[in-house]
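Accompanying notes for the structure given below.
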Amino acid sequence: MRLAILLVSLLPLISVAQQPQASISKKEVEVGGRVDLIYRIELDKNDRFEFKAKNGIFPAKLTSTNASLKTSNFDDIEITLFEDSMIQQGNKKIWMGVFELTPWDSGLVVLEGQRFLVNDSTFDFPSVYLQCNLIPHVKGQEIYDIKEHFAKTPEKQSWIIFFLKYISWWLLPIVGYLIYRFINAKKHSKLVKPEMELSLKAKTLLAIDALEKAELWRKNQLKEHFVEASYILRSYLTARYNLSLLDKTTNETRLLLTQNGLKKEIVDTILRLLSHADMVKFAASEPTEELIQKSLFLLRQTIVETSPIEFEYAE
4 MRLAILLVSL LPLISVAQQP QASISKKEVE VGGRVDLIYR IELDKNDRFE
54 FKAKNGIFPA KLTSTNASLK TSNFDDIEIT LFEDSMIQQG NKKIWMGVFE
104 LTPWDSGLVV LEGQRFLVND STFDFPSVYL QCNLIPHVKG QEIYDIKEHF
154 AKTPEKQSWI IFFLKYISWW LLPIVGYLIY RFINAKKHSK LVKPEMELSL
204 KAKTLLAIDA LEKAELWRKN QLKEHFVEAS YILRSYLTAR YNLSLLDKTT
254 NETRLLLTQN GLKKEIVDTI LRLLSHADMV KFAASEPTEE LIQKSLFLLR
304 QTIVETSPIE FEYAE
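Counted from 1, the sequence shown has number 217 at position 214 by the working numbering; the numbering is strictly sequential.
Next comes the structure, spelled out in structure tokens:
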């Protein structure tokens with residue numbers, strides 16, 4: 004029933020869709036709540052389409068909007084329901100699938116795009132951001148009530164009581180003296196220079212270095228290379244400017260970047276890098292190694308030009 008309602012309400016939009024699309028019913032959801040992840044794609048009438056829906060836990064990555072670029076698997080989004088349907092429209096047909104998801108932990112997560120098959124080609128639906136929030140506590144309302152019960156135990160003198168009565172009176176002064184010597188020695192020890200936390204710029208450049216060192220394009224993993232490069236750039240822009248570009252058009256992306264004070268040349272470079280990555284992911288483009296190295300250079304240059312000036316630590 005839910006899928007039928009979605010199909011009717013989105014039919015005017017579906018008729019113009021060309022690329023695989025992914026959207027969610029709401030961008031924020033409370034832990035234990037429900038949210039719908041909607042996949043849709045327009046196909047030719049004779050296209051062969053295959054999609055194997057996952058069950059159990061939906062694949063997701065935990066990320067953040069702060070300066071950290073580290074991600075980890077987020078195994079707390081349960082798939083409670085999946086429905087799909089195919090609609091014929093003249094020489095076209097529209098496929099739509101809906102996952103009903105329930106998060107059981109909080110955080111900003113990326114719902115990873117799922118793979119599908121059209122004829123003999125493999126593609127991925129776009130990834131989607133989802134903010135999972137804890138249920139706010141209502142003042143004056145107890146979260147739960149604990150009733151404590153105590154059992155009487157036989158009165159038996161333990162070794163702890165024996166120690167406190169007969170041994171501690173002479174042992175504790177010795178322990179106190181040793182603690183005093185230890186604290187006094189620490190005061191005169193050489194101060195250790197605190198380690199500086201890596202900046203967003205440094206973390207991002209390290210991530211690019213690691214990607215280049217992996218040389219995925221030489222291991223028949225060209226698509227994975229550009230997916231990772233696109234993710235590094237999007238994560239950097241999210242952390243630097245608090246932007247989410249996964250569900251934005253090219254014009255919307257250009258406008259958001261320009262509004263954040265980026266120069267036209269830098270905006271053009273960012274859009275070119277994202278567009279190049281999408282061409283490899285969706286159109287099975289195979290760029291040369293020279294073009295791959297150039298894209299890595301432009302990616303580093305973009306990070307440096309959009310980062311504030313950093314100063315070395317001085318005592």
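Glycine included, C-beta positions come from ideal geometry on N, C-alpha and C.
- When the alpha-carbon of E103 is set against those of L203, E86, K48, the nearest one is in E86.
- Within 10 angstroms of the beta-carbon of I273 lie 16 or more other beta-carbons, which makes it buried.
- Exclusion of the five residues before and after I138 leaves E33, V34, G35 as the residues of its chain whose Cβ lies within less than 8 Å of its Cβ.
- Inclusion of K64 and F77 in the CB contact set at 8 Å is warranted, their separation being smaller than that value.
- Inter-segment contact for the segment 247-259 and the segment 285-294 is absent: fewer than three beta-carbon pairs are separated by less than 8 Å.
- By the CB criterion at 8 Å, L301 and L276 fall inside the cutoff.
- Between the segment 115-133 and the segment 35-48, the count of C-beta pairs closer than 8 Å reaches three or more; the two stretches touch.
- A direct Cα-Cα distance of roughly 14 Å separates D47 from D123.
- Per DSSP, reduced to three states, the secondary structure at F185 is helical.
- With respect to I235, A205 sits apart: the two C-beta atoms are not nearer than 8 Å.
- DSSP, reduced to helix, strand and coil, places W107 outside both helices and strands of the structure shown, so it counts as coil.
- If you check the CB distance, S202 and E115 do not come in under 8 Å.
- Under a 10 Å Cβ-count criterion, S88 is classified as exposed, with fewer than 16 other Cβ atoms of the shown protein chains found around its own Cβ.
- DSSP places D87 inside the beta strand (DSSP E), whose first and last residues are 80-92.
- When beta bridges are read from the DSSP output, G100 appears opposite Y42, D87.
- If you check the CB distance, L208 and I295 do not come in under 8 Å.
- Taken through DSSP and simplified to helix, strand or coil, S202 comes out as coil.
- With a 10 Å radius around the Cβ and a threshold of 16 neighbouring Cβ atoms, T253 comes out exposed.
- In the three-state reduction of the DSSP assignment, K48 falls in the coil class.
- Residues I80, I82, L104 of the same chain have their beta carbon placed closer than 6 Å to that of F61, with the five preceding and five following residues left out of the count.
- When the five nearest sequence neighbours on each side are left out, the beta carbons in the same chain lying within less than 8 Å of the beta carbon of N263 are those of Y244, L246, in order along the chain.
- Each of K96, V101, I97 was checked against the Cα of L84, and the nearest Cα belongs to V101.
- Remark: C-beta atoms of S28 and D250 do not approach each other more closely than 8 Å.
- Closest in C-alpha terms to E308, from the list Y239, F285, H279, K284, comes Y239.
- Restricting attention to E31, R184, L299, the CA atom closest to the CA of D108 is found in E31.
- K226 sits away from K297, with the two beta carbons spaced by 8 Å or more.
- A residue is called buried once 16 or more other Cβ atoms fall within 10 Å of its Cβ, and Q117 is buried on that count.
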